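Quick notes on the structure that follows.
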Amino acid sequence: MESQDHRSALLKVMPIQFGLEIQTTFLPGGSSSQGDGRSFSSASLHSSSAIWTVNMSIAILPMASEFSWSPATVGLIQSSFFWGYLLTQILGGIWADRFGGKVVLGFGVVWWSIATVLTPFAAKIGLPCLLVTRAFMGIGEGVAMPAMNNILSKWIPVSERSRSLALVYSGMYLGSVTGLAFSPLLISRFGWPSVFYAFGSLGSIWFALWQIKAHSSPDDDPDLSKAEKRHILGGNALKEPVTSIPWRLILSKAPVWALIISHFCHNWGTFILLTWMPTYYNQVLKFNLTKSGLLCVLPWLTMAVFANLGGWIADTLVQRGISITNVRKIMQSIGFLGPALFLTLLSKVQTPAMAVLCMACSQGSDAFSQSGLYSNHQDIGPRYAGVLLGLSNTAGVLAGVFGTAATGYILQKGSWDSVFKVSVALYIVGTVVWNVFSTGEKVIE
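All residue numbers for the sequence shown refer to UniProt numbering, where the first residue is 1 and numbers rise by one.
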């Protein structure tokens, strides 16, 4: 019964992330008391931040050529998304904890879908208009991760947290695969604006399905059986709406600051690879646009596989008596030191094949972070999971703002080797901070 209930819970949760991250997925259409006999409907859904960002990382190549943008300008454009994204991280967490993730996430999708469709028009009007539109889109997307974390904290039992989160969030990596695979094809046939029209217009379809099928918590789902609800809610945090945030308590805890600092260190390297990888393939490895997009798929496929492997390993270690604290430290250490090693090797390789392999290995080891810091918000304060994610992801977004823009300036005056060295240094700082100050115990009631 437990395994069936677990599968049923995942079927309810997985489409939330997959629906955000990939074009086509399945949504639950029904439920039975045993979690069997579910019906699914296939739907084209709107992408979230990962798929849109990788789409932009491909589209920026012909856009830069058409508008004669320098590397510094490209970096500014790439980072402008994070200006708006930064503004709604904490607010998104507060709103999700208070009003439920369904409402907040639905609002965000409508907002960023409109901005996505408007992007080609903004680019043709001028650079300032494009920067504002990108920031506008970031405002909508900024609520997504806090809202998702709120939903997951209610749907996933503590005993299955690592592998469930890894499975759900692997949708992000599959979304990147979709964007990287299809964007070059759309661009080559219909031009770069088609990327924004195609993915942005799907938001209305996603929103309609979301309103019909999604639920903020198991208590809101009329199709979920009592056994399923009992299994999901057993051991989870109290699910009453949060009316006030104990900011002084939260900010007084060292593990919270470990999350904040580690999230910054992690996202610096992750966002650079997310936004600049196709440019690296095109300019350094001399791959054409289509080949750059297709080869960029490999690291994200690797992440999807290793995120689930890491989740399975983490939960297995917990079940065998290893403390959650030690498991989180082990998994995040892999998530930091693996990319540090392979980015160091990347600056020394001589062939395109080895460069692609190093990228894939870097991203694959990075995926262990899903069972490290990305699972830790729900460990240390499940009642405030949305707020904690918003808080730490604010630091992560700052890394995106500074890292993405700084890369453009570094490349204008230096080399990719310098870009990788900065990322490696921050990965090492993150490793030290995480292992000294993090915990897997609940520290915020």
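Note that beta-carbon positions come from the ideal geometry of N, C-alpha and C, so glycine has one too.
Computed from a predicted structure; not experimentally measured.
Spatially closest choice to residue i from the options, by CA coordinates
i, options, result
"D220", "L180, I245, K154", "K154"
"G440", "P382, V401, G414, G175", "P382"
"W95", "S371, L389, A135", "L389"
"P278", "M148, V436, V356", "V356"
"F182", "S170, F199, A166", "F199"
"T394", "T275, I428, S262, V422", "S262"
"L209", "P184, F437, V109, L174", "V109"
"M137", "M145, T116, L152", "T116"
"A258", "G171, S194, W434, I58", "W434"
"W247", "N308, G372, I90", "I90"
"P184", "L127, I60, A254", "I60"
"G75", "M56, L87, V422", "M56"
"Y173", "G191, Q211, L391, L273", "L273"
Backbone CA spacing between residue i and residue j [nearest angstrom]
i, j, result
"residue 450", "R189", "Lying outside 1 to 445, the shown extent of the chain, residue 450 is not represented and no answer is given."
"G364", "R98", "35 Å"
"I334", "A122", "41 Å"
"A304", "L298", "10 Å"
"S164", "A405", "34 Å"
"M1", "F264", "Residue placement at M1 is flagged as unreliable, the pLDDT there being 48, under the threshold of 50; a coordinate-derived value is accordingly withheld."
"S80", "R320", "45 Å"
"residue 462", "T431", "The structure shown has nothing for residue 462, since the chain only spans 1 to 445."
"S217", "I380", "20 Å"
"L186", "P193", "9 Å"
"S438", "M331", "12 Å"
"K213", "V104", "15 Å"
"S369", "A72", "30 Å"
"A135", "W83", "5 Å"
"residue 456", "L86", "A query on residue 456 cannot be resolved here, the shown segment of the chain reaching from 1 to 445 and no further."
"L167", "N308", "6 Å"
"residue 471", "Y197", "The structure shown does not extend to residue 471, since the chain is modelled only from 1 to 445, so the question has no answer here."
"L345", "V422", "14 Å"
Three-state class that DSSP yields for residue i in the structure shown
i, result
"E66", "helix"
"V13", "Confidence in V13 is poor, its pLDDT being 48 and thus under 50, which makes the residue's placement unreliable; the coordinate value appears in the next sentence. Helix at V13."
"E445", "coil"
"R328", "helix"
"N288", "coil"
"R320", "coil"
"H377", "helix"
"T270", "helix"
"residue 446", "Since the first residue shown for the chain is 1 and the last is 445, residue 446 is missing from the structure and cannot be characterised."
"A214", "coil"
"K421", "helix"
"G440", "coil"
"T431", "helix"
"D223", "coil"
"L202", "coil"
"K348", "coil"
"T243", "coil"
"G372", "coil"
The alpha helix (DSSP H) enclosing residue i, as first and last residue numbers
i, result
"F402", "385-413"
"D97", "89-99"
"L130", "127-141"
"L249", "247-251"
"V356", "352-366"
"L151", "A quick correction: the sequence has Ile, not Leu, at residue 151. Run containing I151: 144-155, per the alpha helix (DSSP H) assignment."
Proximity test, residue i beta-carbon vs the ligand FMN heavy atom, cut-off 7 Å
i, result
"Y85", "As presented, the structure is devoid of all ligands, the ligand FMN included, so that no description of it is given."
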